[in-house]
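Our numbering puts the first residue of the sequence shown at 187, with every later residue one more than the last.
Every residue gets a Cβ at the ideal spot worked out from N, C-alpha and C, and that includes glycine.
Since the structure is predicted, the reported quantities are computational estimates derived from the model, not experimental observations.
Everything below concerns the one structure shown next.
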Amino acid sequence: MLSRSSPRILTCLAVALLIAGTALALNPDHKITQYSHRIRQVQRGIQPAFISVVKQTRDGYLWLGTQDGVIRFDGDRFSPVPALQEPSLRDVWARDIEEDRAGNIWMTADDYRMIRVSPQGVKVFSESDGLPTKEFSCVFMGPAGEIWACTGNGLVRFQGDQFATFQAPSPFATRPIAGCQAAGGKIWIGGGSSLESWDGTAFAPVSLRSVVGELAIRSLLCVGEDVWIGTGKGLVRVRGQQETLYTTKDGLADNVILTVAPGSGGAIWAGTRKGFSRIRSGDIESYDTSDGLSQNTVAALGEDSEGTLWVATKNGLDQFLDGSSTRYTHTEGLPGNNMGPVFADRRGVLWAGTLEGGLARFDGRLFVTVANLGSGKVTSLAESGGTLWAGTEHGLRRLQDGQPRESYGVEQGLPSSEIRSLFSDHNGTLWAGTRRGVAVFRDGRFFTPAVLAKELTGPVAAIGETQDGTILLALEHESLYLYKDGAVRKFEDTSSPGPRLRFQDVNSVYTDAEGVVWMGANGGGLGMWRNGKFSRFLMRDGLFDNEIYGLVPDGKDRLWMVCSNGFFWVNRSDLFQYAAGKVPKITSTPHTPLDGLRSQQGTAGVHPAGARTRDGRLWFSSTNSLLAFAPDSRNGTATPQVKVEEVTVNGSSMDTSRAIRLEPGTDSVALRYTVVTFLSPNRVTFRYMLEGHDKGWTDAGARREAFYTNLPPGKFRFRVAACSGTFPCKETTSALDFEILPHLYQRPWFIALCAALLVFLVWASHRVRVRQLRAQFVLVLTERSRIARELHDTLIQGFSGITMQMQAFANRLQLPADRQALGEIIRDAGICLQETRRSVAGLRAGTGPKAGLADAIADAARQLTQERGIKLKLHLDDGHQHLPADVKYNLLCIAQEAITNSIKHAGADTIEVTLACSSRALHLFVYDDGRGMAQPGNGANRNDDGHYGLIGMRERASQIGAEFEISSAPGQGTTVSVHVPASKEAPLASPVETVEAVP
């Protein structure tokens, strides 16, 4: 019985990584050692658990079955599968994983449970579902998309929600742990010593003639008509009736085969206890810990849709990538890894020299070492006269048809046998730079022109030529010299005023088709000599490195440079524009092979340090390998999917498969997104935008999470896009929509409801106030009526009786003087009685005088001055019919009081009453020519002998909002003035009549 604790199971179970319709692939012509290699271990986020199965699903994720549960990998982050987080499934150890065409994930566990993960949920199958057993040991998909599951004595086929059972007559000798369906429809299942086939009608045991003894089957793979069987004694290929056994004798890493998987180019990958192997066209290549594998026990392996090979070992997950660059070392035939010059001759043959093993020629796949070169250190290569010349530390060798011929040293005219540089000019003449000067090859010998022998005696690091035939000679740690027509001079920039600029320590020279001379220097950056003007470019100007060892064009107007930090390129147009002052900085683009999986350093002091072959590839010399690079290639054309993985609201994860409606008061929303890519995940950058909140895109860099706090209620759409150098920018195929519900007070109708409620409250308050005022008014009217009734029933009745008695008494008086005096008293009493009745009428009706104000004042004035011998003048406007009753009444009372005071106290001969109206106010004036007063004080505190006339007049004026004034002086009479301002409710009319009465 299989269990986690079984040591045999820990090393024997393997599952192939089957990727249908792979868009990208590893280059099968490359050796495994040429692939970039990365190890995913604990420090990169994976748990320290043994990985028994690796499967890529159609959404791009890698599903890994480990001892601690199923985890998912997107290239950047390992995370548990959300659907498997309930306690009974959290630690499930998946031994086999398959995906059907509907996107459902099927897996078998170490306890033989069969689990299906679908968008609808997780299903664990058992007998209660009608199945013959609850124990399943393997799962695989047939060509029609059906799922097949292995049991102890047969197969179960799942198609949708339907299943069919196919049982063998008797249980298998050992439980099958692997299965596959061949092209003819036959199904193969096996495990341990048991290997069975099923043709659709019956099971039949299969015997392998090529394997003697126990089979110990651990894996099966069907590819076309071939069935690959991993046994404990080698890898067997069955094709019809033919069997082929591959073992360590054929190059396999080990005979115990743990897993088998298909590879690109018809290759087969086989994982063993001692590494893994690739079988292709009969050739076998292996890779183990000595080559860099994390651990030798390979339990699962296979290629993904981006062309990455994944290898699961006990110590982690190894990744092998085939990028745009290819690395060549001694494993590809080079005589050494410390590279020297690299050169492409006119026939298209690539030559590579090393600094420790000699010279090699490339045959299209591997390098072949040139024998009998005479020296292991090759420093320069050049072609002249149709032959290849190789400079070494011990002299110069000429090669004919790839074989070394003559040797040249000091005896043949060279200043020194230590060759530093070689160059063939436009005439095909060979120039050789040595440690002690330069020499020219003519007529089978080298010679040094006299002027050069005198001026140039140091190491010549580089040689070049201008378009006009001038030879450029760069001395090591010194200046650059120009040689033409037997004369030599130092290179100086004379194109601009000021001190002449020298460019020293040049170690590479290249003249392009336009005649522009490019020069690379040790620490001096890049120099450009164009149209007689020299320009220098350094790191401060945007250059990637100041140490330039070689210059190579790529045919796309880009200049590639070999430097101390690897290789980079710059557009020539950028250099031209920067030199002309048209751009603030140049842009350098370094070549980093897939996240810098290998450190690179160009080789200094070799010529040339880079070359371009006819297929467009660039070849660069480095200190640990020869690098071939296709500058315009991309690792495939597939664009990975951008996904929103998780939405967390107030710390709780949300289900993104359904519409997301968030409760009011949501404080924080975190959205975790990713792009599933394994080529260069660290170089992926993101940008996102929340429609409904953000005004534009937010550049997030490499961050894979967006945070929002205090979002207002409303509907939002989250969009995210990813960009990288390995694939074009892409946005999420389906944006994530969610809605935050508003609080009650945030709903649109809430404001209208509040406004309506406010209007209602105002209206209700107004109604209550009106009722209160009406109640108060009723109380006032009641009190006025009571006062009027009391006055009528007491004072007026009594006063009337007294007046009648006095009239009766006056008729009995005999003396005329007494009768006259009493008559005056009776007349005054009548006036008072009339005033009292008028007051009572005002209290009852609330309207004051019924007649116009002018008539009322005129009547009162005449009654008061009649028979007094006082001259009365009236100037009264009769256009005040619309004045309020209280205003009329108080003005009349003020006029009566002022006239009475003039009669009683002023001794006036003339009284003049004026009532005038303007657009702004109503004016009442009462003037007399009496004796006047000294400092009347406007009547504020005047109470002559208990009379309160002035105080009363002021109080009445104040009641109607009028201004009251009194002006008087001894002997100059008195004037009482009242000014009533006009109001909007009661505008004053224009004067219509003036009444003037003189008794």
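Do you know how far the Cα of residue j is from the Cα of residue i?
{"i": "W575", "j": "I657", "result": "19 Å"}
{"i": "D781", "j": "V828", "result": "Low local confidence applies: a pLDDT of 42 at D781 is under 50, so the model's placement there is unreliable, with the coordinate-based value given in what follows. Going by the C-alpha atoms only, they are around 20 Å apart."}
{"i": "G261", "j": "R276", "result": "22 Å"}
{"i": "R726", "j": "Y514", "result": "33 Å"}
{"i": "D490", "j": "T863", "result": "10 Å"}
{"i": "I1056", "j": "S951", "result": "57 Å"}
{"i": "V756", "j": "D743", "result": "9 Å"}
{"i": "R281", "j": "S854", "result": "39 Å"}
{"i": "G255", "j": "P527", "result": "52 Å"}
{"i": "A921", "j": "F352", "result": "45 Å"}
{"i": "G173", "j": "T773", "result": "No statement about residue 173 is possible, as the shown extent of the chain runs from 187 to 1185 and does not include it."}
{"i": "D1115", "j": "L959", "result": "46 Å"}
{"i": "T573", "j": "L585", "result": "6 Å"}
{"i": "K771", "j": "T243", "result": "45 Å"}
{"i": "L248", "j": "K435", "result": "34 Å"}
{"i": "V966", "j": "E976", "result": "15 Å"}
{"i": "G340", "j": "A354", "result": "5 Å"}
{"i": "L421", "j": "V833", "result": "47 Å"}
{"i": "P898", "j": "P928", "result": "8 Å"}
{"i": "G984", "j": "H1091", "result": "28 Å"}
{"i": "T823", "j": "S807", "result": "Residue placement at T823 is flagged as unreliable, the pLDDT there being 49, under the threshold of 50; the coordinate-derived value follows with that caveat. The alpha-carbon atoms of T823 and S807 are separated by roughly 29 Å."}
{"i": "D549", "j": "G519", "result": "10 Å"}
{"i": "V906", "j": "R258", "result": "21 Å"}
{"i": "D168", "j": "A996", "result": "Residue 168 lies beyond the stretch modelled for the chain, which goes from 187 to 1185, so this question has no answer here."}
{"i": "C366", "j": "V342", "result": "13 Å"}
{"i": "V397", "j": "A369", "result": "24 Å"}
{"i": "A618", "j": "E579", "result": "13 Å"}
{"i": "F893", "j": "T319", "result": "48 Å"}
{"i": "G1118", "j": "G1038", "result": "31 Å"}
Is the CB-CB distance between residue i and residue j below 9 Å?
{"i": "I403", "j": "S379", "result": "yes"}
{"i": "G711", "j": "W704", "result": "no"}
{"i": "I1097", "j": "S1088", "result": "yes"}
{"i": "H323", "j": "P362", "result": "This sequence places Ser at residue 323; His is not what is there. Yes, Cβ-Cβ distance for S323 and P362 is below 9 Å."}
{"i": "V695", "j": "R716", "result": "no"}
{"i": "T697", "j": "Q653", "result": "yes"}
{"i": "L559", "j": "R547", "result": "no"}
{"i": "G246", "j": "P826", "result": "yes"}
{"i": "L541", "j": "T565", "result": "yes"}
{"i": "G493", "j": "P448", "result": "no"}
{"i": "V446", "j": "L401", "result": "no"}
Taking DSSP's pairing of strands, which residues face residue i in a bridge?
{"i": "A350", "result": "R343"}
{"i": "C1018", "result": "Partner(s): none; C1018 has no beta bridge."}
{"i": "K241", "result": "W249"}
{"i": "C909", "result": "T871"}
{"i": "T860", "result": "K829"}
{"i": "P590", "result": "L585"}
{"i": "V256", "result": "G251"}
{"i": "D923", "result": "R903"}
Using a Cβ-based criterion (distance less than 8 Å to any ligand heavy atom), does residue i qualify as near the ligand NAD?
{"i": "R1048", "result": "Judged by which ligands are present, the structure shown has none, so any question about the ligand NAD falls away."}
For a minimum of 3 consecutive residues, which ranges assigned as the beta strand (DSSP E) are wholly contained in the region 365-405? 373-377, 380-384 and 389-391
When you compare the region 472-484 with the region 502-522, are there three or more beta-carbon pairs, one atom per stretch, that lie closer than 8 Å? yes
Quick one: complete beta strand (DSSP E) runs, 3+ long, within the region 483-545? Secondary structure in the region 483-545: the beta strand (DSSP E) runs of 3 residues or longer, each lying completely within the stretch, are 484-489, 495-499, 502-507, 511-514, 525-530 and 536-540 in chain order.
Stretch-stretch touch, CB-based, cutoff 8 Å, three pairs: the region 263-273 with the region 301-311: yes
For the region 411-469, which segments carrying the beta strand (DSSP E) assignment without a break, of at least 3 residues, lie completely within its bounds, in sequence order? 412-417, 420-425, 428-432, 443-448, 454-458 and 461-466
Contact between the region 282-298 and the region 323-336 is defined here as three or more beta-carbon pairs at a separation below 8 Å; is this criterion met? yes
Contiguous beta strand (DSSP E) assignments of at least 3 residues, all confined to the region 732-779: Unbroken beta strand (DSSP E) runs of no fewer than 3 residues, entirely contained in the region 732-779, are found at 734-739, 744-749 and 752-757, following chain order.
Would you call the region 1039-1049 in contact with the region 1133-1146, where contact means no fewer than 3 C-beta pairs closer than 8 Å? no
Check whether the region 621-629 touches the region 637-648, counting contact only when three or more Cβ pairs, one atom from each stretch, lie closer than 8 Å. yes
Ignoring anything shorter than 4 residues or poking outside the region 1083-1166, list the alpha helix (DSSP H) runs there in chain order. 1135-1145
Measuring CB atoms only, is the region 381-391 touching the region 426-444, in the sense that at least three cross pairs come out at less than 8 Å? no
At 3 residues or longer, and completely inside the region 688-737: list those beta strand (DSSP E) runs for me, N to C. 692-697, 703-707, 711-716 and 719-723
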